[in-house]
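Read through the structure below, which is laid out as structure tokens, and then see the notes.
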């Protein structure tokens with residue numbers, strides 16, 4: 203069998219630019235899942251801006267007038283809404299209004315030579331006298347963290363020079379396994395560390411950065 | 012005597028009958044904790060009885076994002092906090108194996124490494140017993 207392994211040269215790291223304005227959403231159709239519970243926007247219309255509440259509307263059996271509804275949950279990052287009670291298979295859902303972050307404004311973090319994304323989930327011990335001598339556990343809290351190393355180049359627009367402007371600011375970051383094939387993980391969080399190596403006789407100047415995720419991470423495969 | 016050693020190339024991680032693609036190394040560790048029962052009647056030697064047991068799988072793979080039954084299944088379980096049943100570490104494709112239910116406690120993605128392909132490393136924590144079988 204031929205390997206399907208990928209080289210790192212297809213990978214990329216992008217972050218949102220909090221200084222860029224959000225883009226308005228209007229009459230955006232959502233596509234339902236097989237259970238008619240989760241309805242999601244197509245790629246390119248996700249990453250909704252949490253500071254602007256979305257207005258969700260439904261057409262029963264796809265006909266008549268749009269009626270404003272309140273979903274049981276809204277995932278702004280995924281651009282999706284969730285209904286605990288399944289809808290009819292021919293109901294249609296749209297976002298009447300809202301706002302989204304534009305990928306066109308995402309900034310590539312350049313000169314990377316090493317990078318790692320770690321997704322963790324803690325376990326909660328539930329071992330008891332009924333466990334027949336083997337540890338039993340249930341899933342606990344999840345978290346994610348991204349660390350990478352880059353060669354330092356101060357003149358890069360919006361990048362090293364602008365890093366302090368986004369340090370500790372809540373923003374979206376997108377980690378690509380394959381930038382051209384758009385295989386990626388997207389999450390919200392903060393850059394919590396920048397470590398600069400500015401003096402070394404044998405190495406170029408470099409920096410290491412850490413991005414701490416908040417809430418869930420969303421694979422777009 | 013001719014060795015009966017098994018090449019490391021023949022092992023693999025499976026979910027049911029489906030193999031997780033492109034493993035590069037994997038390790039199953041089964042631990043047993045002991046309870047110290049040493050007393051004045053132990054004639055100067057530690058005494059213990061068996062306590063709780065647990066197991067864990069650590070495995071590294073080439074990152075294959077299109078591996079629906081392997082990579083994507085494990086990642087979906089991690090993100091949802093679901094357990095994965097019938098996880099098997101196999102010595103050979105049809106030979107000795109160990110199986111049980113796991114919770115996935117870590118996915119580590121190496122997306123940038125100039126000298127190696129993209130990699131994913133998994134930590135799978137067993138919950139309840141692990142069962143060895145001959146085939």
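Chains as they are written, first to last, in the numbering used here: chain A, 203 to 423; chain B, 12 to 146. Every residue, glycine too, gets a C-beta built ideally from N, C-alpha and C.
Within chain A, the residues that residue i reaches when beta carbons sit closer than 8 angstroms
i	result
residue 115(B)	323
residue 32(B)	206
residue 136(B)	325 and 339
Nonlocal neighbours in the same chain, by C-beta distance under 6 angstroms from residue i, ignoring five residues either side
i	result
residue 416(A)	390 and 391
residue 33(B)	72, 73 and 75
residue 369(A)	393
residue 88(B)	95 and 115
residue 298(A)	257 and 259
Which residues DSSP lists as bridging residue i, in chain order
i	result
residue 323(A)	344(A)
residue 352(A)	314(A) and 409(A)
residue 419(A)	389(A)
residue 225(A)	302(A)
residue 68(B)	39(B) and 135(B)
residue 377(A)	215(A) and 387(A)
residue 395(A)	412(A)
residue 142(B)	110(B)
residue 369(A)	393(A)
residue 130(B)	73(B) and 121(B)
residue 339(A)	327(A)
residue 209(A)	128(B)
Contacts that residue i makes with chain B (C-beta to C-beta distance below 9 angstroms)
i	result
residue 319(A)	118, 119, 120, 121 and 122
residue 350(A)	122 and 123
residue 244(A)	Residues of chain B passing the Cβ test: none, with the nearest at roughly 20 angstroms.
Of the residues the options, the one placed nearest residue i, counting alpha carbons only
i	options	result
residue 383(A)	353(A), 372(A), 423(A) and 323(A)	423(A)
residue 276(A)	266(A), 263(A), 300(A) and 264(A)	300(A)
residue 348(A)	86(B), 29(B), 123(B) and 74(B)	123(B)
residue 104(B)	129(B), 48(B), 56(B) and 19(B)	19(B)
residue 139(B)	36(B), 76(B), 88(B) and 63(B)	63(B)
residue 82(B)	46(B), 117(B) and 49(B)	117(B)
residue 240(A)	258(A), 285(A), 296(A) and 331(A)	285(A)
residue 365(A)	280(A), 419(A) and 395(A)	395(A)
residue 72(B)	274(A), 205(A) and 313(A)	205(A)
residue 271(A)	340(A), 327(A), 289(A) and 381(A)	289(A)
residue 119(B)	55(B), 69(B), 13(B) and 21(B)	69(B)
residue 338(A)	125(B), 114(B) and 127(B)	114(B)
residue 211(A)	262(A), 381(A) and 340(A)	381(A)
residue 295(A)	280(A), 335(A) and 273(A)	273(A)
residue 329(A)	320(A), 340(A), 291(A) and 414(A)	340(A)
residue 323(A)	136(B), 131(B), 129(B) and 130(B)	136(B)
residue 61(B)	421(A), 342(A), 336(A) and 346(A)	336(A)
residue 209(A)	65(B), 13(B), 125(B) and 48(B)	125(B)
Interface residues of chain A facing residue i [CB-CB closer than 7 angstroms]
i	result
residue 83(B)	423
residue 128(B)	207, 208 and 209
residue 140(B)	334 and 336
Contact test: residue i Cβ vs the ligand ADP heavy atom, cutoff 6 angstroms
i	result
residue 112(B)	For the ligand ADP, the structure offers nothing, since it holds no ligand at all.
Chain-ordered neighbours of residue i on chain A, where CB pairs are closer than 9 angstroms
i	result
residue 75(B)	205, 206, 207 and 208
residue 15(B)	Simply none; closest approach about 27 angstroms.
Within chain B, the residues that residue i reaches when beta carbons sit closer than 8 angstroms
i	result
residue 314(A)	123
residue 308(A)	Per Cβ cutoff of 8 angstroms: no residues; residue 308(A) is ~16 angstroms from chain B at best.
residue 379(A)	74, 76, 120, 122 and 129
residue 234(A)	The contacting residues do not exist; residue 234(A) stays about 19 angstroms from chain B at best.
residue 344(A)	89, 90 and 92
Contacts of residue i in chain B (Cβ-Cβ under 7 angstroms)
i	result
residue 418(A)	90
residue 145(A)	This structure does not reach residue 145(A), given that chain A is present from 203 up to 423, and the question cannot be answered.
residue 329(A)	63
residue 385(A)	76
residue 213(A)	122, 123 and 129
Own chain partners of residue i with C-beta closer than 7 angstroms, once the 5 adjacent residues on each side are dropped
i	result
residue 303(A)	218, 224, 249, 251 and 374
residue 17(B)	102 and 103
residue 354(A)	362, 398, 407, 408 and 409
residue 97(B)	26, 27 and 110
residue 29(B)	80 and 81
Cβ-based neighbour list, residue i, same chain, cut-off 8 angstroms, excluding 5 preceding and 5 following
i	result
residue 107(B)	101, 143, 144, 145 and 146
residue 22(B)	34, 37, 100, 101, 102 and 103
Beta carbon proximity, residue i to chain E, threshold 7 angstroms
i	result
residue 207(A)	Of the chains in the structure shown, none is chain E; the protein chains are A and B.
Whole beta strand (DSSP E) runs in the segment 74-127 of chain B with 3 or more residues, listed along the chain?
With a minimum length of 3 residues, the continuous beta strand (DSSP E) runs that stay inside the segment 74-127 of chain B are 94-101 and 108-124.
At 4 residues or longer, what runs of the alpha helix (DSSP H) sit wholly inside the segment 230-311 of chain A?
none
Secondary structure, alpha helix (DSSP H): runs of 4+ residues fully inside the segment 21-66 of chain B
none
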